[in-house]
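Contents: one structure, followed by commentary.
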Amino acid sequence: MYFSCRFLFFDQKKDGLSTLVKVVLDAFAEELQDSHPHLDTRGTSLLFGKLLGACDQLSASTFADVLDRTNARDIAKASEGAHWDVFRVSTPGGAAVLKVLHVEYIARYAKELCNHLLVARALERLSDGRGSNFTTGFVLVTRAVCVWDGYPQELSDACRRFAAARRDTASRNVDHIIDYRQVPQPYLVLQTGYAGIPLSSVETLSASQVVSVFRQVILTLAVAEAAFNFEHRHLSLESIYVTRTQRESIEWKVEGRLYRVQTRGVIAHVADFSAARMDIDDETQFSDPRPLWEDCKRDRSLKDIHRIIRDDISTDWSTRCPRTNVLYAYHVTRELVDRFAASHRQDGDEDEKAEWEEFQTWKFRLPWFPSVAEFARDAFASPEASRFSSVVAKMGQFVTRSLSSLTGGDA
């Protein structure tokens, strides 16, 4: 009697969760039918809309297939959001990341996700060192898979270990959440190489490491800008990933010119192309970034950047406006200064202090340039150019401080 009641309760709980999932999917299907009247959303695979095409799929796959193709081992949950989970896994090719986006996220950002996948695919071309524009500084999507399934045991166990390590199982009702995720529903799985942790989660960096990260991000944007008229349009410390490295230096090529940056023990990668704009084979790929910007309303400086961009672009988001890269790069630079400046005012040797001073000079000069590619050519051209730029920047700092008010706060 105990076992029959127990299984009856479990079945009732699963039925309730299935009903909840069905409500979510029905709402998703209605939204998709409104935006794509030609689709028959009664078919489960068609709920993914254009994402299936962007993933080169005819129908949805399963988690078993994803894990089998990835040959994933040692699955550990690394982070989570309201509607996504990130798992770090070991593969024969090295450490990899599986980002699992839930149906709620897919429903809200389906168009932006398609844009992300198409842009990421084009950015792969820049990893060919034989071209005139070269960088390995983007987080590229190794595989993207539309999945119709429930969480398998491997992912559920990883979620439980993650919650237990944070000691918040009771407060967040993890078992209920996992039960919900085990009910078959749409997911999008993005596989990438391991690029470290978001810069927003990094607690300490030396002055030379901050300068190296700045150089790396600027040059990565400059390469894509030169090759594809690329604009990120959603850059922040959350979309820049940092990991440790033994490599002493990394190379970039911008329009045939070679740049080499000392890593100082860290490598930076730029991620998240959901709001990006670029020209690919004589066609412009873009998305309306405003749905993503809605999540940044509490950041005053980002709100001001969004206002400036809206004024520049008006209503046509396909319009090329490289100043967007400058504004976002300037925002990231100021965030780096605010986050790490205190530890570099007194500490460090003379070389580090000189690097930090040069970094401050670049921060003041950056907003004056029409694109990050032009800034990179000017600022990183030679030591002589850097010294001259330092003099010019110090003379104009008080002017630039007034300019910074356009993007909120003090310079």
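So the number in my numbering is just where the residue sits in the sequence shown, counting from 1, plus 803.
Glycine included, each C-beta is placed from N, C-alpha and C at the ideal position.
Are residue i and residue j close, meaning C-beta to C-beta below 8 angstroms?
i: residue 1175; j: residue 1021; result: yes
i: residue 904; j: residue 890; result: no
i: residue 959; j: residue 985; result: yes
i: residue 1046; j: residue 999; result: yes
i: residue 1078; j: residue 1095; result: yes
i: residue 948; j: residue 864; result: yes
i: residue 914; j: residue 1090; result: yes
i: residue 1073; j: residue 937; result: no
i: residue 1057; j: residue 1179; result: yes
i: residue 921; j: residue 1088; result: yes
i: residue 970; j: residue 981; result: no
i: residue 1134; j: residue 1108; result: yes
i: residue 1129; j: residue 1169; result: yes
i: residue 767; j: residue 1115; result: The chain is shown only over 804 to 1214; residue 767 falls outside these bounds and no answer can be derived.
Could you tell me the alpha carbon to alpha carbon distance between residue i and residue j, rounded to whole angstroms?
i: residue 1013; j: residue 987; result: 44 angstroms
i: residue 954; j: residue 1152; result: 51 angstroms
i: residue 1171; j: residue 1132; result: 12 angstroms
i: residue 1186; j: residue 877; result: Bear in mind that a pLDDT of 49 at residue 1186, under 50, signals an unreliable position, so the number given afterwards is only what the model happens to contain. Between residue 1186 and residue 877, the C-alpha separation is close to 47 angstroms.
i: residue 934; j: residue 927; result: 12 angstroms
i: residue 965; j: residue 1124; result: 42 angstroms
i: residue 950; j: residue 1183; result: 45 angstroms
i: residue 1036; j: residue 873; result: 31 angstroms
i: residue 844; j: residue 857; result: At residue 844, the pLDDT of 41 sits below 50, so the modelled position is not reliable and the matter cannot be decided from this model.
i: residue 1084; j: residue 899; result: 30 angstroms
i: residue 879; j: residue 992; result: 15 angstroms
i: residue 836; j: residue 908; result: Any reading at residue 836 must be qualified, since the residue scores a pLDDT of 48, below 50, and its modelled position is unreliable; the value itself is stated next. In a straight line, the C-alpha of residue 836 is about 17 angstroms away from that of residue 908.
i: residue 956; j: residue 1041; result: 30 angstroms
i: residue 1029; j: residue 1082; result: 11 angstroms
i: residue 925; j: residue 1119; result: 22 angstroms
i: residue 1137; j: residue 1166; result: 7 angstroms
i: residue 946; j: residue 1075; result: 15 angstroms
i: residue 972; j: residue 1001; result: Its pLDDT being 49, under 50, residue 972 is placed unreliably by the model, and nothing is read from it.
i: residue 747; j: residue 923; result: Since the first residue of the chain shown is 804 and the last is 1214, residue 747 is not available in this structure.
i: residue 1097; j: residue 1038; result: 14 angstroms
i: residue 1061; j: residue 851; result: 42 angstroms
i: residue 1004; j: residue 1157; result: 26 angstroms
i: residue 1188; j: residue 1064; result: With a pLDDT of 45 at residue 1188, under the threshold of 50, the modelled position of this residue cannot be trusted, and the question is left open.
i: residue 1048; j: residue 1117; result: 42 angstroms
i: residue 860; j: residue 887; result: 21 angstroms
i: residue 939; j: residue 862; result: 32 angstroms
i: residue 1080; j: residue 977; result: 38 angstroms
i: residue 1006; j: residue 1161; result: 22 angstroms
i: residue 780; j: residue 1110; result: This structure cannot speak to residue 780, because the chain is shown only from 804 to 1214.
i: residue 1202; j: residue 1177; result: Residue placement at residue 1202 cannot be trusted, given a pLDDT of 46 that sits under 50; what the coordinates show is reported in the next sentence. Roughly 20 angstroms separates the two Cα atoms.
i: residue 1031; j: residue 1015; result: 24 angstroms
From the DSSP output, read off the bridge partner residues of residue i.
i: residue 990; result: 950
i: residue 1070; result: 1046
i: residue 884; result: 887
i: residue 1057; result: 1060
i: residue 879; result: 891
i: residue 1083; result: 1086
i: residue 1065; result: 1052
i: residue 1001; result: 1044
i: residue 944; result: 995
Span of the alpha helix (DSSP H) holding residue i?
i: residue 1106; result: 1103 to 1116
i: residue 856; result: 854 to 857
i: residue 1023; result: 1010 to 1031
i: residue 959; result: 956 to 969
i: residue 1138; result: 1126 to 1143
i: residue 985; result: 977 to 985
i: residue 1173; result: Here residue 1173 belongs to no alpha helix (DSSP H), and DSSP marks it neither H nor E.
i: residue 929; result: Looking at the DSSP string, residue 929 is not in any alpha helix (DSSP H), and its letter there is neither H nor E.
i: residue 1075; result: No alpha helix (DSSP H) holds residue 1075; DSSP gives it neither H nor E.
i: residue 869; result: 866 to 873
i: residue 1036; result: No alpha helix (DSSP H) holds residue 1036; DSSP gives it neither H nor E.
i: residue 1095; result: 1093 to 1096
Comparing alpha-carbon positions, which option in the options lies nearest residue i?
i: residue 1155; options: 1134, 1051, 1072, 1010; result: 1010
i: residue 802; options: 1051, 956, 1030, 1023; result: Residue 802 lies beyond the residue range present for the chain, which begins at 804 and ends at 1214; the question has no answer from this structure.
i: residue 1142; options: 1107, 1008, 1027; result: 1008
i: residue 1059; options: 1137, 1128, 931, 860; result: 931
i: residue 882; options: 908, 861, 961; result: 961
i: residue 919; options: 1138, 1092, 939, 1159; result: 1092
i: residue 1163; options: 1068, 1053, 875, 1018; result: 1018
i: residue 866; options: 990, 1032, 910; result: 990
i: residue 1053; options: 1070, 1169, 1038, 1006; result: 1070
i: residue 929; options: 1055, 1121, 1063, 1177; result: 1055
i: residue 875; options: 887, 855, 862, 897; result: 897
i: residue 1086; options: 976, 1064, 1121; result: 1121
i: residue 1044; options: 1080, 886, 997; result: 997
i: residue 885; options: 860, 911, 895; result: 911
i: residue 983; options: 1068, 906, 855; result: 906
i: residue 917; options: 855, 939, 862, 895; result: 855
Beta strand (DSSP E) containing residue i: first to last residue?
i: residue 890; result: 887 to 894
i: residue 897; result: 897 to 904
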